Amino acid sequence: MSNPTPETNLVISPCCHPKLTLEETLQAYSALGFSRYELFTGWAHSAVDVTGDPQAVRDLGARFGMRFTSFHLPPVNPARYEESLQETIHAARYAVATGATYLIYKATDRPTYIRASKPFLDAIEDLDVTVVVQNHAGSPISSEADYREVLAGIDPRVRALFEIGHFHAVGVAWQEAYALLRGRIGLVHVKDMIGPQSVPYGTGEVDLPAIFLQLTADGYQDPYVIEMEVADPENTLSYLAQAREYLAHVEGVTL
């Protein structure tokens with residue numbers, strides 16, 4: 000009996016084309032060979048409405064041979080704490096109904112990240128999901144110190160999202176970032192960068208092969224989410240095709 004073909008561990012993010020609709024991005028990315036997708040609930044035009052029908056979203060993905068893997072939850076807001084916490088809990092259940100199993104947990108300030116983490120996780124403990132917390136430009140977790148503070152106080156069931164591009168953009172070497180998150184990484188967002196600018200893979204300052212090699216050596220088996228926000232977005236699709244070719248030769252990647 001032949002062994003089954005391993006599932007790809009690459010997931011595409013619609014941050015690459017924030018002005019396209021969900022259907023448009025699904026069609027474009029599936030044509031490049033991607034089959035896993037990260038869903039947003041805000042910012043991008045592809046964002047889903049968590050008050051709607053998750054099965055309709057799942058069916059739309061299936062039309063293009065695409066499955067949903069990771070999901071940006073709406074943030075918990077201390078100004079309307081109980082209401083927004085319940086909205087985030089609902090969104091987590093919506094996410095699972097689309098097929099997503101990696102949930103990116105958010106809040107509008109660091110104390111709320113910590114405060115809401117246990118009640119949120121307790122409320123969804125019946126779900127088979129990985130919950131991660133993310134650092135990102137303009138968010139309450141922007142600096143290394145911010146991330147350290149949240150990781151120290153948050154429920155230990157929450158894992159870390161290794162945001163390669165943002166760490167580089169704020170001047171944190173990947174080795175230093177990895178040391179902070181090591182043993183807790185549950186999802187990786189991948190970008191190549193020159194300074195704070197996203198660039199085509201293999202043309203920037205980020206040693207992606209070394210990062211993937213380190214993750215593989217430490218037994219990382221979760222997805223890699225492909226991101227790109229280049230200065231010439233009209234070329235993004237061709238750059239994404241090149242990114243797949245580049246990553247095909249990187250240790251730890253399964254196309």
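Each residue of the sequence shown is one higher than the one before, starting from 0 at the first, in numbering that gives the first Met the number 0.
Note that the Cβ used here is the ideal one computed from N, Cα and C, for glycine as well.
Just so we're clear, the structure is a prediction, and the values are computed from it rather than from any experiment.
Asked                                                                                                                                                                                 : Found
Assuming contact is defined by CB atoms lying nearer than 8 Å, are His188 and Val224 in contact in what I supplied?                                                                   : yes
I'd like the list of long-range same chain contacts for Gly60, defined as Cβ closer than 7 Å, with 5 residues on each side in sequence excluded.                                      : Leu25, Tyr36, Arg66, Phe67
Can you find the residues in the same chain that come closer than 6 Å, C-beta to C-beta, to Cys15, ignoring five residues on each side of it along the sequence?                      : Met227, Thr235
So, is the C-beta of Ala90 closer than 8 Å to a C-beta in chain C?                                                                                                                    : Included in the structure is just one protein chain, with no chain C present.
Could you give the C-beta distance for Ser29 and Gly64, rounded to a whole number, given that I count them as a contact under 8 Å?                                                    : 5 Å
Leaving out five residues before and five after Gln241 in sequence, what residues of the same chain have Cβ atoms less than 8 Å from its Cβ?                                          : Pro199, Tyr200, Gly201
Going straight from the alpha carbon of Asp206 to that of Val171, what length do you get?                                                                                             : 13 Å
Do the CB positions of Arg156 and Val128 come within less than 8 Å of each other?                                                                                                     : no
Please work out which residues of its chain come closer than 8 Å, Cβ to Cβ, to Ser1, disregarding the five sequence neighbours upstream and downstream, and give them in chain order. : Confidence is the limiting factor: at Ser1 the pLDDT is only 47, short of 50, which leaves the residue's position unreliable, though a coordinate-based value still follows. Excluding positions up to five away in sequence, the list is empty.
With three or more beta-carbon pairs closer than 8 Å as the criterion, would you say the segment 106-124 touches the segment 137-150?                                                 : yes
Can you tell me the Cα-Cα spacing of Glu233 and Glu148, whole angstroms?                                                                                                              : 39 Å
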